[in-house]
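**Q**
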C-alpha cells in the first residue's frame with residue numbers, strides 16, 4: 001500500500017477526548033442548585049474562617065467529583081487573588097476508590113499531600129505513626145486546608161479516619177490549621193451506616209446529587225458535541241436518543257458521554273454519520289462489554305451455574321426450580337470435564353448470581369401438598385453468555401443447546 005490508510009477518510013470527531021471522563025468542561029451544566037449549596041458550605045473558608053464539613057452523595061456519573069474539583073479550584077484562585085483575605089488555603093482531592101480501610105485511605109491522603117518522590121509505602125507502618133506524620137505536615141501548611149475524600153464509601157464500616165480528621169483540632173493534634181472535610185460517596189447507605197460520633201461531625205452539611213433526567217443529559221451532550229464532533233456528522237435526534245437511553249438506565253452523564261463516543265466510533269467505521277440507530281448499536285456493544293467483565297470476574301462454577309440458568313431460561317422463557325437448574329448444571333459440568341458442587345453449595349452459587357444481578361429469584365408456594373420452593377430466571381441473554389464463556393474459558397453447552 002503506497003498511501004497511509006489513515007488519510008482515506010475524515011474523522012467524525014473534532015476532539016474525541018472531550019467525551020472522556022477526565023475532560024473538564026469550561027462550564028458545569030445542570031448543577032446550579034448543588035453548586036450554590038456546596039459553595040455556601042465552603043464560603044467561610046473564602047473569608048479565612050473554618051468551613052463546614054460536608055457530606056456529598058449520589059450515584060456515579062452525576063457530577064459530584066466534577067463540581068468538587070471546580071469549586072475547590074475557584075476557591076483557591078479567589079483566596080489567592082483577594083488581598084483582603086489574610087490567610088492561605090490548600091485543597092486536596094483524594095481518590096479513595098482503592099482504599100478498603102481507613103489505613104489505606106490515610107496513606108492515600110498522605111501521598112496526595114506529598115510530592116511524587118516522598119510517597120508513603122502501602123504497608124509496614126503503625127497507624128498512629130501515620131497520623132502523627134499527617135498532623136505535622138498539615139500544621140506545616142497552616143491556614144485553611146480542605147480535604148475532599150472521593151469515593152470514601154470504599155472503606156466500608158472502618159470509619160476511623162472519618163472520626164479522627166474532623167476532631168483533630170479539638171483533640172489537640174492540630175494548632176496552625178483550620179481543617180475542613182468533604183466526604184463524597186456513591187452510596188447513601190454508607191452515610192446511614194456511619195457511627196453516630198462520625199455523623200455528628202462529618203455530616204454538618206449534606207448535599208444530594210440526584211440522577212440527571214433526559215433534558216439535563218441532552219444539554220450536557222449538546223455542550224460536549226459542539227467541541228467533540230464535526231457539525232455535519234450528527235443531529236439533535238441522535239443526541240436526544242443518547243440522552244433518553246442514559247436517563248432510562250442510570251441518569252449518568254458519564255454513561256451518556258461514553259455512549260455518544262462509542263456511537264461516534266461506529267459512525268467512523270460506517271458512512272461518517274452518527275444516527276439514532278448507531279446509538280442503539282452502541283448501547284448493545286457497551287452492555288455486552290459490561291456483561292463480559294462481570295462474567296470474567298466469576299469463579300468457574302459460578303460460570304457453569306450461570307450457563308445452566310441462561311440455557312433453561314432461553315428454552316422455557318419462565319423461571320426454573322432449583323432442582324431443574326441443578327440438573328442442567330450437572331450436565332454442563334460433566335460435559336466440560338469437571339465435578340459438580342453439592343446441591344447446597346450450588347444454591348449458594350444461584351443466590352450469588354441473584355445478588356450480582358445475573359438472575360432473579362422468587363418463592364413459589366403450592367400449599368400443603370406442593371410446599372415452598374425457589375424459582376430462578378436469568379436476567380441476561382443466553383447468546384452473549386455462551387459466546388463469552390466459549391471464547392474466554394472454553395466452556396461449552398452440551399447438546400441440545402436450547403439457543
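Residue numbers (full-length UniProt numbering): 1 to 403.
Built from N, CA and C at the ideal position, the CB exists for glycine as well.
The structure presented is a predicted model; accordingly, all values stated were derived computationally and were not measured.
#1: What's the C-alpha gap between residue 305 and residue 394?
#2: Keeping to the same chain, check which residues put their C-beta closer than 6 Å to that of residue 56; ignore five residues upstream and five downstream.
#3: Using a beta-carbon distance below 8 Å, is residue 232 in contact with chain D?
#4: According to DSSP, is residue 190 helix, strand or coil?
#5: Between residue 325 and residue 350, which are expected to be in contact by the criterion C-beta below 8 Å, what is the C-beta distance as a whole number of angstroms?
#6: Using the Cα positions of residue 298 and residue 330, report the straight-line distance between them to the nearest angstrom.
#7: Three-state secondary structure (DSSP) at residue 381?
#8: For the alpha helix (DSSP H) that residue 215 lies in, which residues bound it at each end?
#9: Quick one: using the 10 Å Cβ neighbour count with 16 as the cut-off for buried, is residue 275 buried or exposed?
#10: Find the nearest neighbour of residue 84 within the set 103, 104, 46, 283, judged by alpha-carbon distance.
#11: Is residue 359 near the ligand ZN, going by C-beta to nearest heavy atom under 7 Å?
#12: Go through the stretch 35 to 112 residue by residue and report every complete run of the alpha helix (DSSP H) that reaches 4 residues or more, in order.
#13: If residue 177 sits next to residue 143, beta carbons under 8 Å apart, how far is it from one beta carbon to the other, in whole angstroms?
#14: Over what stretch of residues does the beta strand (DSSP E) that includes residue 150 continue unbroken?
#15: Among 103, 390, 267, which residue has its Cα nearest to the Cα of residue 121?
#16: Measuring straight from C-alpha to C-alpha, what distance separates residue 249 and residue 280?
#17: Report the residue from 160, 192, 136, 72 whose alpha carbon sits nearest the alpha carbon of residue 174.
#18: Using a threshold of 8 Å, state whether the C-beta atoms of residue 278 and residue 243 are closer than that.
#19: Is residue 292 helix, strand or coil when you go by DSSP?
#20: Assign residue 256 to buried or exposed, taking buried as 16 or more other Cβ atoms, counted over all protein chains shown, within 10 Å of its Cβ.
#21: Does the contact criterion of 3 or more C-beta pairs under 8 Å hold for the stretch 156 to 163 versus the stretch 100 to 117?
#22: Does the distance from the CB of residue 268 to the CB of residue 302 come in under 8 Å?
#23: Report the three-state DSSP secondary structure of residue 185 (helix, strand or coil).
#24: For residue 377, does the count of other Cβ atoms within 10 angstroms reach 16, so buried, or fall short, so exposed?
#25: Using a Cβ-Cβ cutoff of less than 8 Å, which residues in the same chain neighbour residue 230 once the five nearest sequence positions on both sides are dropped?
#26: With contact counted as at least three CB pairs below 8 Å, one residue from each stretch, are the stretch 211 to 227 and the stretch 24 to 37 in contact?
#27: For residue 89, which of 78, 97, 99 has the nearest alpha-carbon?
#28: Who are the Cβ neighbours of residue 245 in its own chain at under 7 Å, not counting the five residues just before and after it?
#29: Among residues of its own chain, excluding the 5 on either side of residue 340, which ones have a beta-carbon nearer than 6 Å to its beta-carbon?
#30: How would you label residue 320, buried or exposed, when you count the other beta carbons within 10 angstroms and need 16 or more for buried?
#31: Write down the C-beta distance between residue 469 and residue 273 rounded to the nearest angstrom, noting that I regard them as a contact closer than 8 Å.
**A** Taking the coordinates as given:
#1: Looking at the two C-alpha atoms, the distance is approximately 15 Å.
#2: Correct list, in chain order: 64, 184, 207.
#3: The structure shown has no chain D; it contains just one protein chain.
#4: Three-state result, residue 190: helix.
#5: A Cβ-Cβ separation of about 7 Å places residue 325 in contact with residue 350 under the 8 Å criterion.
#6: Taking the straight line from one Cα to the other gives about 18 Å.
#7: Of the three classes helix, strand and coil, the one that applies to residue 381 here is coil, per DSSP.
#8: Counting along the chain, the unbroken alpha helix (DSSP H) around residue 215 starts and ends at 214 to 228.
#9: By the 10 Å Cβ count, residue 275 comes out buried.
#10: Distances from the CA of residue 84 to each of 103, 104, 46, 283 were compared; the closest alpha carbon is that of 46.
#11: By its list of ligands, the structure shown contains no ligand whatsoever, and the ligand ZN lies outside what it can speak to.
#12: Within the stretch 35 to 112, the complete alpha helix (DSSP H) runs of at least 4 residues are 64 to 81.
#13: Taking the Cβ atoms as the reference, residue 177 lies roughly 7 Å from residue 143, within the contact range of under 8 Å.
#14: Residue 150 -> beta strand (DSSP E) spans 143 to 150.
#15: Nearest option by C-alpha distance: 103.
#16: Their backbone Cα atoms lie some 13 Å apart in a straight line.
#17: In this structure, 136 is the residue among 160, 192, 136, 72 with its C-alpha nearest to the C-alpha of residue 174.
#18: Not a contact, by the Cβ cut-off of 8 Å.
#19: Note: residue 292 maps to helix in three-state DSSP.
#20: Buried, because 16 or more other Cβ atoms sit within 10 Å of the Cβ of residue 256.
#21: Result yes; three or more Cβ-Cβ pairs closer than 8 Å.
#22: Residue 302 sits away from residue 268, with the two beta carbons spaced by 8 Å or more.
#23: Correct three-state label for residue 185: strand.
#24: Per the 10 Å Cβ criterion, buried.
#25: So the list reads 10, 11, 12, 13, 14, once near-sequence residues are dropped.
#26: With a cut-off of 8 Å on Cβ pairs, the stretch 211 to 227 is in contact with the stretch 24 to 37, counting three or more such pairs.
#27: Minimum Cα-Cα distance from residue 89 among the listed residues 78, 97, 99 corresponds to 78.
#28: So the qualifying residues of the chain are 259, 279, 283.
#29: These residues qualify, in order along the chain: 330, 333.
#30: Burial call: buried.
#31: The structure shown does not extend to residue 469, since the chain is modelled only from 1 to 403, so the question has no answer here.
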